[in-house]
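**Q**
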Ligand SMILES: C[S@@+](CC[C@H](N)C(=O)[O-])C[C@H]1O[C@@H](n2cnc3c(N)ncnc32)[C@H](O)[C@@H]1O
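In this note's numbering, the protein residues as written are 1 to 290.
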C-alpha cells in the first residue's frame with residue numbers, strides 16, 4: 001500500500017453525516033469550524049489525520065471525513081448551471097472515448113462538472129477548450145476546477161457564443177451540453193479531425209431526435225446513435241434486498257457520431273442495428289444485447 005497522505009489545511013474534504021447520510025464539502029482552514037444543527041467540528045481537529053476518520057461534533061454527531069471522489073465532488077460543489085450527473089459523465093468518458101493527449105472542445109462550461117472529467121482524462125498533454133456565454137458561470141466553474149485541481153490545468157475558456165462558430169481545427173472530440181446542439185453539426189464537421197467524435201447531451205427526446213437527424217443527414221458524419229443511461233441503486237440490508245424506493249429516473253440522452261470522410265457519411269442504415277432486429281424466431285433477444 002502506498003504511503004497515506006494526511007489531511008492538510010487547504011484541502012477539500014467530504015464530511016458524511018453517519019446518521020442522516022447528508023454530505024458536505026468543506027475546505028480545511030486552520031481556525032475555522034464546520035457547523036451543523038448538532039454542534040461543530042473545528043477544522044484543526046481534522047488536519048494531520050488520515051482519511052476515513054470519524055469526527056465528532058461538540059454535541060456528539062458523527063461525521064466520516066474523506067477526500068471526495070470526483071463523482072462525489074461534482075455532486076456537492078457549488079452550482080450555477082445544472083451539472084451532468086456522474087452516471088452520464090461516466091458514460092460520456094467511455095462512449096465519447098476521451099483519452100490522454102486529446103484536444104476536446106466543450107460547450108457550455110456550466111458549473112464545470114463535465115470539464116473536470118474531460119481534464120482528468122486528457123491529462124497534462126491534452127487540452128480542453130470550453131465555450132461559455134455566461135461570465136458568472138465561467139467564474140464559478142473556474143473556482144470549482146481550481147479547488148479540485150490546483151492552479152494549473154490545460155483549460156482555455158472562450159467567453160463567446162459557440163453557435164457563432166468553433167475556432168479550433170483538427171480537434172479530437174466535440175462534446176456539447178447546451179440546448180440546440182444540432183446548430184453545431186456543421187461547425188463540428190469542420191473542427192473535427194477525420195475519425196473524431198461528436199457527442200451531445202440533451203434532456204428531451206425532441207432535442208435528441210433533432211441532433212440525431214442532423215448528424216445522420218450530414219455527409220461528414222456516420223454511425224449516429226442515441227441512448228440514455230439508467231442507474232438503479234439497490235437497498236441491501238439484511239433480508240431487505242430490493243431496488244431503492246427512490247432513484248434519479250431521468251437525466252438526459254446522449255447522441256454520438258463519428259466524423260468520417262465526406263462521401264462516407266450521411267447515409268441511412270449506418271447506425272448499429274437495433275437489438276430487436278437480431279431477435280431469433282421466438283422473438284427472444286440475445287442476452288448479450290438484452
Ligand atoms: C447545462 S449547462 C452545462 C453544464 C456542464 N456540462 C456541467 O456539467 O457543469 C449549459 C451551459 O451552456 C451555456 N450555453 C448555452 N448556450 C450557449 C452558447 N450558445 N454558447 C456558449 N455557451 C452556451 C449556458 O450558459 C450554460 O452554462
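Every residue gets a Cβ at the ideal spot worked out from N, C-alpha and C, and that includes glycine.
Should the stretch 105-118 be called in touch with the stretch 135-150, which here means at least 3 C-beta pairs below 8 Å?
**A** Yes, they touch.
**Q** Whole-angstrom Cβ separation of residue 297 and residue 101, contact assumed at under 8 Å?
**A** Nothing can be reported for residue 297, as the shown portion of the chain is limited to 1 through 290.
**Q** Is the stretch 193-212 touching the stretch 230-237, taking contact as three or more C-beta pairs under 8 Å?
**A** No, the stretch 193-212 is not in contact with the stretch 230-237.
**Q** Assuming residue 174 and residue 159 are in contact, meaning their beta carbons sit under 8 Å apart, how far apart are those beta carbons, in whole angstroms?
**A** 18 Å between Cβ atoms; not a contact.
**Q** Could you please give me the residues that DSSP links to residue 33 through a beta bridge?
**A** Its beta-bridge partners are 42.
**Q** For my contact list, residue 108 and residue 136 are in at a C-beta cut-off of 8 Å; report their separation, rounded to the angstrom.
**A** Contact doesn't hold; Cβ gap of about 12 Å is too wide.
**Q** Between residue 9 and residue 262, what straight-line distance do the alpha-carbon atoms span, to the nearest angstrom?
**A** Distance between the alpha carbons of residue 9 and residue 262: 54 Å.
**Q** Give, in chain order, every unbroken run of the beta strand (DSSP E) that is at least 3 residues long and sits entirely within the stretch 35-95.
**A** Runs of the beta strand (DSSP E) inside the stretch 35-95: 39-42, 53-56 and 62-66.
**Q** Using a 10 Å radius around the Cβ and a threshold of 16 neighbouring Cβ atoms, would you call residue 207 buried or exposed?
**A** Classification of residue 207: buried, given that the 10 Å Cβ count is 16 or more.
**Q** Give the straight-line distance between the Cα atoms of residue 7 and residue 87, rounded to the nearest whole angstrom.
**A** Cα to Cα, residue 7 sits roughly 28 Å from residue 87.
**Q** Which residue marks the beginning of the beta strand (DSSP E) containing residue 12, and which one marks its end?
**A** 12-17 is the span of the beta strand (DSSP E), which, as asked, contains residue 12.
**Q** How is residue 216 classed by DSSP in three states: helix, strand or coil?
**A** Here residue 216 sits in helix by DSSP.
**Q** Is the stretch 244-261 touching the stretch 189-206, taking contact as three or more C-beta pairs under 8 Å?
**A** Counting Cβ pairs under 8 Å, three or more are found: they touch.
**Q** Please report how far the alpha carbon of residue 240 lies from the alpha carbon of residue 192, in whole angstroms.
**A** If you take the alpha carbons of residue 240 and residue 192, they lie about 50 Å apart.
**Q** Per DSSP, what kind of secondary structure is residue 140 in: helix, strand or coil?
**A** Helix.
**Q** I need the boundaries of the alpha helix (DSSP H) containing residue 186, first residue and last residue.
**A** Segment 185-191, the alpha helix (DSSP H) holding residue 186.
**Q** Please report the straight-line C-alpha distance between residue 157 and residue 167, rounded to a whole angstrom.
**A** In a straight line, the C-alpha of residue 157 is about 12 Å away from that of residue 167.
**Q** Using the Cβ count rule (16 or more neighbours within 10 Å means buried), how would you classify residue 140?
**A** Counting Cβ neighbours within 10 Å, residue 140 comes out buried, since at least 16 surround it.
**Q** For residue 41, which option in 50, 64, 19 and 96 has the closest C-alpha, if you only look at C-alpha atoms?
**A** The residue with the shortest Cα to Cα distance from residue 41 is 64.
**Q** When the Cα of residue 161 is compared with those of 154, 266, 171 and 183, which residue comes out closest?
**A** Closest by alpha carbon: 183.
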